[in-house]
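**Student:** Residue numbers (the UniProt record's numbering): 1 to 748. Ideal Cβ placement from N, Cα and C applies to all residues, glycine included. Keep in mind it's a predicted model, so treat the numbers as computed, not measured.
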């Protein structure tokens, strides 16, 4: 992505968020229109101006963009815009990205780690190019925006040069009457710097320039006529009020901001409203200094200048005494002046608090908070809190996956008979990562225990069809020797409106081997690759391709894996995931963020009963549980395999009891499923922990005699509470075991 596109991305994000901030400011101004002072009205616009100017703002849990989920997704929407494209296939297109795939699990979790399988990857430079190629329309818009900004900045620069040249042809005012009024007004506003006064033939209406060296410019001859003498003080006071309030600086910044945000029509409205309110605030500042007894005379001065110096060509960069000449603007100024009360210019404590509140809401970005200080997680109480901020994500439902995925995608609305959605996986790479992102959907034909067919659908941004074909060919040739007689053929996909390739694999050296198919196609900048590990006819796969569509409510409902056929584990990352897990396990499960002994929660998953104890039958095996793993916060991950004493990790598991606890208590044994599917029995002993009955196991290894002798021993504690059976499994033993169990039993 070019520099222009990167800058355009910042502009799009900044201008959209600032527009929302402006909407809030206008809403506050409207609701409090009869109670808000002119000075405060203008001060609120400065918050919007700051939002437009700042390239980076901090994150805050109380940001406006946390309260508005749609606004919080602006950044993602802008990112999706920048990376959405639809280009014809070329052999020189960028490479497919790194792939990270979560395998299916059938036994246990090892120390909270997520086993990962990496597919072959191309060079980082090529992957980076694929991930950062933007839509042609975005490239055009970015160039147009940058060119427009350059034109506006050039205009302002040329304007300043012209004004500087004009100022050389004007004369300083030397009339004592004018200079005495200037000195008097300097005293009114406590201005220490010398104020220069000039007049010239081309000056149409009084104005002031200068941030450090103020200079007031008057029309030639102004102040010499009898009626001007009474109004001179009002004019000079107004211009010096602009200087005192730093309006010259804010006006210049506003012009520069508009040069950057010129493409946003709302930005022009913001600047116009801000200028109108600036004149009201300046009038209020003048009346605060002169006194409300001067209000009528001051208002008449403004009216006379509107009649006398009605300009055909105004310079928007200058702070004219007459201000804006729109009818509504004039009426607002006169009404404010007429109703002005001494002291109303000062900020009240409520005004300061209002500014702080709106500033906090709008000058910060939304932040999905990480684990807060509450000891236990109760997801059913609401909120959207990241609990385990892992890059790798796996979801068992389309709705959540579409919200969290790194780019927009489509999915098939039709699946072959007997197939169902299994899971979607992807890796959330940091913005600075050189690696690309890939989304993978898995579709299975399976029952509770057996998988009969598998279709994978991979999605990347930017890679080309020829490149995808070459990658598949290299990968498949590496899987077979010459005896297989592998033949790879490609042909265009014979589907209307689909730009892609059908790749057929034949193993001529092996008798009775069916053809295998890959399909690769492009749609809106995303390259899709489908592979089938089943003897399906190609027509079934082509039906899937023809039915591709963006996620909607109907697909969200269909793409939910509530049965977990063909899989046993699905990882959880935030409270939204926990709420879905609660529905799957049948009650509002809660768990602590940390345990005594310095253990903190590092991961969570919903799983089938095989990860609790041995299932008694097929229906029993499909019951689901919630598990949370804990590790010491100071544990060195690189030394996990070192044989050290004490508790290495804790796993807290819970599920509806049924008859489990009674059966374990009656037989004083618990059965676990070994890696070979056989039963492994471990003895239990009833003990009291905190005055309550708990079943404690002997030391055991998860796969019994099949486990390695070097594998760390496990000890499990079981207890029953309100129809839920709980298990605390300790990897390694230590004196804190029962203290931790008692803490878990005292559910908060």
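Helix or strand or just coil, what does DSSP make of residue 665?
**Tutor:** In the structure shown, the three-state DSSP call for residue 665 is helix.
**Student:** Report the three-state DSSP secondary structure of residue 712 (helix, strand or coil).
**Tutor:** coil
**Student:** Using a Cβ-Cβ cut-off of 7 Å (strictly less than) and excluding sequence neighbours within five positions of residue 48, which residues of its own chain qualify?
**Tutor:** 18, 21, 22, 25 and 270
**Student:** Threshold first: 3 residues or longer. Then list the beta strand (DSSP E) segments lying entirely within the segment 578-641, N to C.
**Tutor:** Uninterrupted beta strand (DSSP E) stretches at least 3 residues long and entirely within the segment 578-641 occur at 599-608 and 624-632, given in chain order.
**Student:** Pull up the DSSP beta-bridge partners for residue 532, would you.
**Tutor:** Beta-bridge pairing links residue 532 to 455.
**Student:** Does DSSP put residue 183 in a helix, in a strand, or in coil?
**Tutor:** helix
**Student:** Could you name each continuous beta strand (DSSP E) segment of 3 residues or more that falls completely within the segment 451-507, going from the start of the chain to the end?
**Tutor:** 451-461, 486-492 and 499-507
**Student:** DSSP on residue 265, reduced to helix/strand/coil?
**Tutor:** helix
**Student:** Measuring CB to CB, does residue 15 end up less than 8 Å from residue 261?
**Tutor:** yes
**Student:** Please report the distance separating the alpha-carbon of residue 145 from that of residue 9.
**Tutor:** Each residue's Cα considered, the two are about 11 Å apart.
**Student:** What distance in whole Å lies between the Cβ atoms of residue 606 and residue 581, which are believed to be in contact at a cut-off of 8 Å?
**Tutor:** Rounded, the Cβ-Cβ distance is 4 Å, consistent with contact.
**Student:** Please state the DSSP three-state secondary structure of residue 200.
**Tutor:** strand
**Student:** Determine the DSSP secondary structure at residue 244, reduced to helix, strand or coil.
**Tutor:** Residue 244 sits in a helix when the DSSP states are folded into three classes.
**Student:** Compute the distance between the beta-carbons of residue 507 and residue 480, then report whether it is under 8 Å.
**Tutor:** Yes, Cβ-Cβ distance for residue 507 and residue 480 is below 8 Å.
**Student:** Give a yes or no on whether the C-beta atoms belonging to residue 694 and residue 360 are separated by under 8 Å.
**Tutor:** no
**Student:** Cα separation between residue 38 and residue 339?
**Tutor:** 11 Å
**Student:** Grab the span of the beta strand (DSSP E) containing residue 728 for me, first residue to last.
**Tutor:** 724-731
**Student:** Give me the residue from 427, 485, 445 and 728 with the minimum Cα distance to residue 458.
**Tutor:** 427
**Student:** So, does the segment 343-351 touch the segment 281-288, judging by three or more C-beta pairs under 8 Å?
**Tutor:** Result yes; three or more Cβ-Cβ pairs closer than 8 Å.
**Student:** The alpha helix (DSSP H) that contains residue 136, what's its start and end?
**Tutor:** Residue 136: member of the alpha helix (DSSP H) spanning 136-167, first to last residue.
**Student:** Tell me the rounded alpha-carbon separation between residue 168 and residue 162.
**Tutor:** 10 Å
**Student:** Please report the residue range of the alpha helix (DSSP H) in which residue 522 lies.
**Tutor:** Note, residue 522: premise wrong, no alpha helix (DSSP H); beta strand (DSSP E) at 516-523.
**Student:** Within 10 angstroms of the Cβ of residue 539, are there 16 or more other Cβ atoms? Answer buried if so, exposed if not.
**Tutor:** exposed
**Student:** Report the option in 350, 238 and 250 whose CA atom is closest to the CA atom of residue 301.
**Tutor:** The option with the nearest alpha carbon to residue 301 is 238.
**Student:** Using the Cβ count rule (16 or more neighbours within 10 Å means buried), how would you classify residue 578?
**Tutor:** buried
**Student:** Is residue 251 buried or exposed, if buried means 16 or more other CB atoms sit within 10 Å of its CB?
**Tutor:** buried
**Student:** Residues in its own chain within less than 8 Å of residue 336 by CB, not counting five upstream and five downstream?
**Tutor:** 38, 280, 283 and 284
**Student:** Specify, as a first and last residue, the run of the beta strand (DSSP E) that residue 570 falls within.
**Tutor:** 569-572
**Student:** For a test of the three-state rule: what should DSSP assign to residue 218, helix, strand or coil?
**Tutor:** strand
**Student:** I'd like to check one pair, residue 233 with residue 173: are the Cβ atoms closer than 8 Å?
**Tutor:** no
**Student:** Please classify residue 687 as buried or exposed, where buried requires at least 16 neighbouring CB atoms within 10 angstroms.
**Tutor:** exposed
**Student:** Tell me, to the nearest whole angstrom, how far the beta carbon of residue 664 is from that of residue 684; I am working on the premise that it is less than 8 Å.
**Tutor:** 6 Å
**Student:** Do the segment 396-407 and the segment 585-601 make contact, defined as three or more Cβ pairs closer than 8 Å?
**Tutor:** no
**Student:** Can you find the residues in the same chain that come closer than 6 Å, C-beta to C-beta, to residue 259, ignoring five residues on each side of it along the sequence?
**Tutor:** The beta carbon of residue 259 sits closer than 6 Å to those of 149, 152 and 153, all from its chain and outside the five residues before and after it, given in chain order.
**Student:** Under the three-state reduction of DSSP, which class applies to residue 681: helix, strand or coil?
**Tutor:** DSSP places residue 681 in strand when its eight states are reduced to three.
**Student:** Over what stretch of residues does the beta strand (DSSP E) that includes residue 446 continue unbroken?
**Tutor:** 438-446
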